[in-house]
Amino acid sequence: MTGMDIELAQGDITTWAVDAIVNAANHTLLGGGGVDGAIHRAGGRAIVDECRLLRADHYPEGLPTGEAVATTAGDLPARWVIHTVGPTWARTKDKSDLLRSCYRTSLAVADEVGAGSIAFPLISAGVYRWPEEDAIVQALTTLRSTPTAVRTATLVLYDEATYRLAEQVAARLGEQG
91 MTGMDIELAQ
101 GDITTWAVDA
111 IVNAANHTLL
121 GGGGVDGAIH
131 RAGGRAIVDE
141 CRLLRADHYP
151 EGLPTGEAVA
161 TTAGDLPARW
171 VIHTVGPTWA
181 RTKDKSDLLR
191 SCYRTSLAVA
201 DEVGAGSIAF
211 PLISAGVYRW
221 PEEDAIVQAL
231 TTLRSTPTAV
241 RTATLVLYDE
251 ATYRLAEQVA
261 ARLGEQG
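Residues 91 to 267 in the working numbering are what the sequence shown lists, from first letter to last.
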């Protein structure tokens, strides 16, 4: 249950043809800004409908930070969307374990649904203001250390600058590890 290939890519995660894409969701599961809004718009009504059912039946207070849950992918090329709620960056409080939990629980949900390939955005690095370099470190170290049956994980970076930063961080971590 280890030995997952980890890849870096630049692009629009909503176009990734993998078993599961991860949505950096908010607590409501009903869409929002950034990647969350993009996934909901591209995936269509089926995702929203399933998220509403999940809220009503399992998460009346919203999906807790660091947890993950799967829904249909609707009109997306993926089979599932795994929604996870990342922490908001706070200089005065270390929430890095919650950020790592997003990756661990998303992989656990991927295992539950039988996903062999998964694509992640850089969780919490957008509107939740997590510093990009540390978000990349947290993502890569957690993906490398989490036991899973998933064969391939792709960290999809939206812009070229973040992709280049991720390449530098990955090279540095590779030298350490």
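Ideal Cβ placement from N, Cα and C applies to all residues, glycine included. In this text, all values refer to a predicted model and were calculated from it rather than measured experimentally.
- A Cβ-Cβ separation of about 7 angstroms places residue 236 in contact with residue 193 under the 8 angstroms criterion.
- Looking only at 129, 189, 135, 256, the smallest Cα-Cα distance to residue 220 is reached by 189.
- Apart from the 5 residues on each side of it in sequence, residue 207 sits with its Cβ closer than 6 angstroms to the Cβ of 108, 109, 242 in its chain, given in chain order.
- If you look at residue 223, you'll find it in the alpha helix (DSSP H) that goes 222–235.
- Counting of Cβ neighbours within 10 angstroms places residue 105 among the exposed residues, the total staying below 16.
- Bounds of the alpha helix (DSSP H) holding residue 125 are 124–133.
- In this structure, residue 119 places its C-beta atom within 9 angstroms of the C-beta atom of residue 152.
- Here residue 97 carries a strand assignment [DSSP, helix/strand/coil].
- Here the alpha carbon of residue 124 sits roughly 10 angstroms from the alpha carbon of residue 214.
- Looking at the backbone, the Cα of residue 233 and that of residue 202 are separated by about 17 angstroms.
- The Cβ atoms of residue 117 and residue 171 do not sit closer than 9 angstroms to each other.
- Here residue 228 is buried: its Cβ has 16 or more other Cβ atoms, across all protein chains shown, within 10 Å.
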